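S.K.:
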Amino acid sequence: MNEQRLIQEQQQRLIQQQRLTQQQMMLVKMLEMPAAEMAEHVNTELNDNPALERVDDADDLTHSDNQLDNDDTAETFDEQNERQERKDALDSALEQLGDNDDEVSPADGYHQGTASAEPAQYEADIPSFYDQLKEQMMELQLTDTERAILEYLIGSLESDGLLHKDISTICDELAIYNNIDVAESEIERMLAILQTFDPAGVGARSLQECLLIQINRREESQTKQLMRRVITQYYRAFTHNQWDKIQQSLQLSDVQAEALRAQLSKLNPKPGVAYDGTANGKWQQITPDIIVETSDDGHISFTFNDGDIPQLCVSREFLDMVDTYKRNKDGLNRNAKEAILFAKEKIDKARRFIRAVEQRRQTLTLVTQAIIDWQRQYFLDGDESDLRPMILKDIATVTGLDISTVSRVANAKYMQTQWGIHPLKFFFSDGYVGSNGKKTSTRRLLVALQELIDKAHAKGIKIILDIVLNHTGNFGEENLCKEFERNTKLRNQAEIDACMIPNSDMLGSDYITIVGAQQYQRRLALMKNTDGQNHDIHNYWHHTANNWNWDFPSRWMGQIAGDCVDLNTENDEVAQYLVKCYGEFIKMGVDGFRIDTSGHISVSYTHLTLPTILRV
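Residue 193 in this note's numbering is what sits at position 188 of the sequence shown, and the numbering runs on without skipping anything.
This is the structure:
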């Protein structure tokens, strides 16, 4: 007897553990879902579990039940039919449970009709942003050369719908890759045609031009004139949200200023942002998961775009049925007991689902509020350079959540702000510590570099970037061999201890205790295999030290210096990494690069990767 009781207790604990695991797995899955996918998931669960209902449906049902005896017409035909279907489904389930006592198990659950455990997957045939622009192009009467130029311009657009390449670069690329030799004025003319396409603002070369294109499409009015003046004469004040200055300069009343501001807020700074590339190469319209509102007094609030996600509750019919059977449990037969077990299983499943939905919302709330608090200045002025360094660990620390949880929340979700729609990952960036000890977001540095490039190009100056991407220091490389972490708790981030927390898995648990010369050799061994052991298992670096000659191809595989650990450019993974690095600078408008020790780089690498880099 005691043994049987022990077995039962163990089984109960096991069931509890399984349920806990199921709850956690359910929440993890939900956290990764954007709003549209979450709404679909809820609807699927509503169809699969008769004990789960929409709150509105439950309220309607209760009301109609109370009125039924007095007035059968209180319900619409659809409401009556839906209520009857739910009752029929319940009755059918109870009947089936007793058909075969030997085969029915409470754990098997119930699947009505031919419904599958997994919902059918349908893939919408949504034309890509590129295809939509090409369709508009095909409606025009163009020569073959004009069509080729326009198609190349469409292909050169960034995901935001803007053109970040300058006309001279496109002119050169057309000549090199398409054998089309045309004047820049012809490309300008075709670009003007592209800028007449929808969505309004597509093909603009700057945010200012993008907004002006949208304004110019409006019917003539005093508001249109004021909008144009703001974007042309007071653009800097506009981008920095200095509406007091704008209002005073234009001599507007409070009502006029507010109305003008409301009209300008309707403009789309990124006309291509409504489309997002998916894994299968298609583009789908983005539905923002979070909507952030910033008031004039600096108050920032947010709401979730969950209009398609209904409020949920447990079916009153199922609860009443269980209560009825419990009150008469002494007289229950086997079929009735199985009916209770079935109903209880569905009720428990519904409650777990509702709890997971609530936990998802609570977690989203915590993370969203933390992001807004951290990046408050950006939500006030929309200036990307004001984005502070922020990594997943920072938000995890603030919220008390696990880093993996924050990562799941940030995945595939979008936030709508008055400055545009951004993926949540937009707000995350690493930081750089300057000589003054001040930590600056890498995004701020990129914004500053972009401004420098744009101003130089405006004066006809080319930008040649002296950046060494063919070897690294002996302290490793962030993305290929991360030897150290940063201690963000230290007040002075300029201190060496702030950025030199050794990765014990790579450098050894005793690294911090050995002398500097030994630490130096430990780092070299990790990347150059100087101790005769293969630590560089991915083959990211060259390992030939002295057995090479500048006059022979062997120099391609050799080390230049002890401190400068040469990247293995013949490794496909390394090559693609370098292509991405160069490509990002090319997108910003960098005109050329100074390559360090170019004679040391393999000819095969140059021939294979250079065309790829130029196409980025």
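Each residue gets a CB set at the ideal place from its N, CA and C atoms; glycine is no exception.
Here the structure is a predicted model, which means the values were calculated and not measured.
1) Return the chain-ordered list of same chain residues with a C-beta closer than 8 angstroms to the C-beta of residue 39, the five sequence neighbours on each side being excluded.
2) Identify the continuous beta strand (DSSP E) that holds residue 59 and give its terminal residues.
3) Of all the alpha helix (DSSP H) runs that stay within the bounds of the stretch 355-381, which reach a length of 4 or more residues?
4) The beta strand (DSSP E) with residue 599 in it runs from where to where?
5) Classify residue 270: buried if its beta carbon has 16 or more other beta carbons within 10 angstroms, exposed otherwise.
6) According to the neighbour-count rule (16 or more other Cβ atoms, all chains shown, within 10 Å of its Cβ), is residue 182 buried or exposed?
7) Restricting to runs no shorter than 3 residues, where is the beta strand (DSSP E) found entirely within the stretch 396-458?
8) Can you name the start and end residues of the beta strand (DSSP E) that residue 2 belongs to?
9) Quick test of the definition: if touching needs 3 or more C-beta pairs under 8 angstroms, does the stretch 564-583 touch the stretch 597-608?
10) Apply the 10 Å Cβ neighbour rule to residue 186 and answer buried if 16 or more other Cβ atoms are within range, or exposed otherwise.
11) Could you check what DSSP says for residue 473 in three-state terms: helix, strand or coil?
12) Could you compute how far the alpha carbon of residue 234 sits from the alpha carbon of residue 242?
13) Does DSSP put residue 515 in a helix, in a strand, or in coil?
14) Which residue from 217, 596, 179, 325 puts its Cα closest to that of residue 695?
15) Taking the straight line between their C-alpha atoms, what separation do you get for residue 177 and residue 148?
16) Throw me the rounded Cβ distance for the residue 382 and residue 395 pair, which I believe falls under 8 angstroms.
17) By how many angstroms is the C-alpha of residue 341 removed from the C-alpha of residue 109?
18) Tell me the residue span of the alpha helix (DSSP H) that contains residue 154.
19) Using a Cβ-Cβ cut-off of 7 angstroms (strictly less than) and excluding sequence neighbours within five positions of residue 36, which residues of its own chain qualify?
20) Rounded to whole angstroms, what is the Cα-Cα separation between residue 377 and residue 386?
21) Residue 168 and residue 197 - do their beta-carbons sit closer together than 8 angstroms?
22) So the candidates are 56, 41, 47; which of them puts its Cα closest to the Cα of residue 353?
23) Quick one: what does DSSP say residue 487 is sitting in, helix, strand or coil?
24) What three-state label does DSSP hand residue 604 in the structure shown?
25) Looking at C-alpha atoms only, which residue of 562, 428, 475, 594 is the closest neighbour of residue 463?
26) Using a Cβ-Cβ cutoff of less than 7 angstroms, which residues in the same chain neighbour residue 32 once the five nearest sequence positions on both sides are dropped?
27) Name the one or two DSSP bridge partners that residue 521 has.
28) According to DSSP, residue 319 sits in a beta bridge with which residue or residues?
29) So the alpha helix (DSSP H) residue 584 belongs to, where does it begin and stop?
30) Just verifying my parser: in three-state terms, what is the DSSP assignment at residue 297?
31) For residue 298, which residues of its own chain have a beta-carbon under 6 angstroms away from its beta-carbon, when the five flanking residues on both sides are left out?
32) Just to confirm the assignment, what range does the alpha helix (DSSP H) spanning residue 182 have?
33) Label residue 602 either buried or exposed according to how many other C-beta atoms from any shown protein chain fall within 10 Å of its C-beta, with 16 as the threshold for buried.
34) Can you tell which of 199, 192, 303, 515 has its C-alpha closest to the C-alpha of residue 5?
M.R.: The short version:
1) Excluding residues within five positions, the ones whose Cβ falls inside 8 angstroms are 292, 294, 417, 418, 419.
2) 57-59
3) none
4) 597-599
5) exposed
6) exposed
7) List check, beta strand (DSSP E) in window: 419-422, 425-428, 436-438, 444-446.
8) Nothing about residue 2 can be reported from this structure: the residues present for the chain run from 6 to 621 only.
9) yes
10) exposed
11) In the three-state reduction of the DSSP assignment, residue 473 falls in the coil class, being assigned neither a helical nor a strand state.
12) Roughly 12 angstroms between the two C-alpha positions.
13) coil
14) Residue 695 lies beyond the range of the chain shown here (6 to 621); nothing can be said about it.
15) 20 angstroms
16) In this structure residue 382 is not in contact with residue 395, their Cβ atoms being roughly 12 angstroms apart against a cut-off of 8 angstroms.
17) Below a pLDDT of 50, predicted positions are generally treated as unreliable, and residue 109, at 27, falls in that range; the measurement from the model is reported next regardless. Cα to Cα, the separation comes out at about 13 angstroms.
18) Residues 149-160.
19) Here the set comprises 365, 368, 410, 413, 414.
20) 13 angstroms
21) no
22) With distances taken between Cα atoms, residue 353 lies closest to 56.
23) strand
24) helix
25) Taking only the C-alpha atoms, the option nearest residue 463 is 594.
26) 361, 364, 365
27) Paired residue(s): none; residue 521 is not in a bridge.
28) 57
29) 577-593 is the extent of the alpha helix (DSSP H) around residue 584.
30) strand
31) Closer than 6 angstroms at the Cβ level, and outside the excluded window around residue 298, lie 306.
32) 172-182
33) exposed
34) For residue 5 there is no data in the structure shown, the boundaries of the chain being 6 and 621.
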